[in-house]
Amino acid sequence: MDIEGFRKAGYQAIDRICDYYYSLQKLPVVAQVQPGYLAKVYHTRLDALAAPQREQSGIQLDEQPSMHRAGDGRDGLGGETLGLGDHFMNSSAEGGGVIQTTASEACIVVCVAARSLYMRQHPDAKLEELVIYTTSQTHSLGVKAGLVLGLEVRIIDVKAEDDFALRGEALRTTLETDVGKGKRPFIIIATVGTTSSGAVDRLGEIGEVLKEYPSVWLHVDAAWAGVTMACPEYRGTARLEDINKFATSFGTNFHKWGLINFDASMLWVRNRKHLTDALDVTPEILRSQQHIAGVVIDYRNWHLGLGRRFRSLKVWFVLRSYGVEGFRKHIREGIALNEYFASLLRDFPDISIVTPPSFALTVFRLVPCGSWDHSAPITEELLNMLNRAFYARLSARSDILLTQTVLNGMFCVRFAVGATRTTVEHIDIAWEIIKEEALIALKDSELKVDSSQGVI
């Protein structure tokens, strides 16, 4: 939909809303539909609905008002598109998917479920013995989960030579050490596309190690990069096969790179009972005929809150608006633009790409080569000071926004592509700004160098 089409649809939507409120008193209080009616409308299982291959028109205004009774969080609205296995689907009658608020909340949810499961399996365990495992590149959601739940978090260091990914041997060594100290490993949070560097943990190696620790839950957080699995050619890089084989749960945010406005964080679990056993609270006031008959899934038992935002339709609208091919086109264009940006960096001698470009993310920093002519040694401290000054110049501008990170002590700059309207022209403009500020930072640093001390 173009801008003017959106303007027209907006006017029509407001008219529909006003008409709805005028007629509200004439409508029945209870929706006149039965659970599962959408499945009959679409002649397929609702929980296995696949997005159309191509975009569909006329979807904004032709839904009945009672559509709001559709279940919030049906897994097929995204899981099938991403290639997740049938065991993650509600139709398996064992696994299933649900929309969470954020990836960090999803992480807390699975930690609660994993803790509950572990304590049932090991009634002699004490809470102070339980440990959540993350890496030094895992998003802070792991630490946040530990903080909220009052549990210890063990951060495993990862190496630059492994592209900052967690390897199986590092996990095995850590687990053996901690178990020897009386600790109780119960969940490992692995990542596909870390925030700092875009690293993809070696899920196959991790899964093989966890065969020796069957009580440890493997949660795969792919908050940013998980949507790339909609494109078959990126499923290998995102380790989809290992996710389907080893993961206990998997989460990705459609509100980051997936075209859907906040919030739309998807969580799939291999066994839904692990969630409901940990989170089921169903007092009499919340019971219904459908609940008693077992014909509906009570998603309040799949997340922290008892109330839920209504989010499933906006996911479905986006997937129908773009279709699978349109969704894939969006992802592929973002990755292609990032590859183009990386090619520009490679032609600039004083910029180093710190990690291999990951999907639509490139991490880089200034490393003086030919243009910095002085006798002071280039130490890591000096490089960090230079790059902090460089990033400060970029941050002071109003026409570009990049982010910073620190990778094993190296201060770096992050460049990510994801906006729907970003084009090659915008990449070129960004590059000219980066190059301009890089040259100034390099020149300014030269003037401040004390050759005898080798610091800025």
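Taking the working numbering, the leading residue of the sequence shown gets 544, the next gets one more, and so forth. The C-beta atom is built at its ideal place from N, Cα and C for all residues, glycine as well. Note that the structure is predicted; figures quoted are calculated from it, not measured.
Original post:
Helix, strand or coil for Val-759 per DSSP?
Top reply: Under the three-state reduction of DSSP, Val-759 is assigned to coil, being neither helix nor strand.
> Taking the C-alpha atoms as reference points, what is the distance between Ala-713 and Gly-736?
Replying inline: Their Cα atoms are separated by approximately 19 Å.
> Looking at the structure shown, is Ser-855 part of a helix, part of a strand, or coil, going by DSSP?
Replying inline: helix
Q. Roughly how many whole angstroms lie between the Cα atoms of Asp-590 and Ile-983?
A. Because the pLDDT of Asp-590 is 39, which lies under 50, any placement of that residue in the model is unreliable, and the number read from its coordinates should be weighed accordingly. Going by the C-alpha atoms only, they are around 56 Å apart.
At a cut of 8 Å, does the region 710-730 reach the region 748-768 through at least three beta carbon pairs?
Under the Cβ criterion (8 Å, minimum of three pairs), the region 710-730 counts as touching the region 748-768.
- Query: Among the residues of its own chain, which have a CB less than 8 Å from the CB of Gly-622, if the five just before and after it don't count?
  - Reply: Phe-631, Met-632, Gly-640, Met-809 and Trp-811
message: Excluding the 5 residues flanking Gln-603 on each side, which residues of the same chain have their C-beta closer than 8 Å to its C-beta?
response: Its pLDDT being 35, under 50, Gln-603 is placed unreliably by the model, and the measurement read from it follows with that caveat. Cβ neighbours of Gln-603 beyond the five flanking positions: Ala-552, Gln-555, Ala-556 and Phe-860.
(request) State the DSSP-derived secondary structure class of Arg-617, mapped to helix, strand or coil. (result) Because Arg-617 carries a pLDDT of 40, less than 50, the predicted location of this residue cannot be relied on, and the following value inherits that uncertainty. Of the three classes helix, strand and coil, the one that applies to Arg-617 here is coil, per DSSP.
**Study point:** Residue from Asp-764, Val-722 and Glu-637 whose Cα sits closest to the Cα of Glu-755
**Key:** Val-722
| request: Determine, using beta carbons only, whether Gly-877 and Phe-902 come nearer to each other than 9 Å. | output: yes
*DSSP three-state call for Arg-733: helix, strand or coil?*
The amino acid occupying residue 733 in the given sequence is Ala; Arg does not appear at that position. Ala-733: strand per DSSP, three-state reduction.
- Message: Along the chain, where does the alpha helix (DSSP H) containing Gly-685 start, and where does it finish?
- Response: 684-692
Select from Pro-666, Ala-766 and Ile-642 the residue whose C-alpha is nearest the C-alpha of Leu-684. Residue Ala-766 is the option with its Cα nearest to Leu-684.
Within the continuous alpha helix (DSSP H) that includes Ser-895, where are the two ends? Per DSSP, Ser-895 belongs to no alpha helix (DSSP H); it is in the beta strand (DSSP E), 894-896.
Exposure of Glu-975, with buried meaning 16 or more beta-carbon neighbours within 10 Å = Exposed, by the Cβ-count rule.
### Message
Rounded to whole angstroms, what is the Cα-Cα separation between Gly-548 and Asn-804?
### Response
If you take the alpha carbons of Gly-548 and Asn-804, they lie about 19 Å apart.
When you compare only the Cα positions, how much space is there between Thr-771 and Met-662?
When the Cα atoms are used, Thr-771 and Met-662 turn out to be separated by approximately 35 Å.
Practice prompt. Using a threshold of 9 Å, state whether the C-beta atoms of Ser-988 and Ala-932 are closer than that.
Written response: Yes, these two residues count as a Cβ contact at 9 Å.
**Prompt:** In three-state terms, what does DSSP make of Ala-959?
**Reply:** strand
Segment contact flag, the region 651-660 with the region 716-734, C-beta cutoff 8 Å, min 3 pairs: yes
Within the same chain, show all residues whose beta-carbon is closer than 8 Å to that of Val-652, passing over the 5 residues directly before and after it, in chain order. Gln-643, Leu-810, Leu-818, Leu-822, Trp-845, His-846 and Leu-847
Notebook entry, point to check: Residue ranges of each beta strand (DSSP E) run of no fewer than 3 residues wholly in the region 631-699, ordered along the chain?
Noted result: 639-643, 673-678 and 695-699
Leu-888 and Ala-959 closer than 9 Å at C-beta: no
- May I ask which residues mark the beginning and end of the alpha helix (DSSP H) holding Arg-928? Correcting the residue type first, residue 928 is Met in the shown sequence and not Arg. Where Met-928 is concerned, the enclosing alpha helix (DSSP H) stretches over 923-938.
Item to complete: Check the DSSP bridge columns for Trp-811 and list the partner residues they point to.
Response: Gly-640 and Phe-793
- Separation of Glu-719 from Leu-802, as counted between CA atoms: 42 Å
- Query: According to DSSP, is Thr-905 helix, strand or coil?
  - Reply: strand
Legend entry - Per DSSP, cross-strand counterpart(s) of Asp-764: For Asp-764, which the question treats as bridged, DSSP gives the partners Thr-734 and Gly-794.
Apart from the five residues just before and just after Gly-794, which ones in its own chain have a Cβ nearer than 6 Å to its Cβ?
Ala-646, Ala-649, Asp-764 and Leu-810
Given Thr-734 as reference, the closest of Thr-717, Gly-725, His-762 and Thr-716 once Cα atoms are compared:
His-762
Mapping the DSSP letters down to three states, classify Thr-946 as helix, strand or coil.
strand
| message | Considering just the uninterrupted stretch of the alpha helix (DSSP H) at Tyr-842, what are its terminal residues? | response | Element bounds for Tyr-842: n/a, residue is neither H nor E.
message = With a threshold of 6 Å on Cβ separation, who are the neighbours of Lys-687 within its own chain once the five nearest residues in sequence on each side are excluded?
response = Ser-647
### Task
For Leu-898, count neighbouring C-beta atoms within 10 Å of its own C-beta (all shown protein chains included) and say buried if the count is 16 or more, exposed if not.
According to the sequence displayed, residue 898 carries Thr and not Leu. Burial of Thr-898 is indicated by the presence of at least 16 other C-beta atoms within 10 angstroms of its C-beta.
If you drop the 5 nearest sequence neighbours on each side, which residues of the same chain put their C-beta closer than 7 Å to that of Lys-986?
-> none
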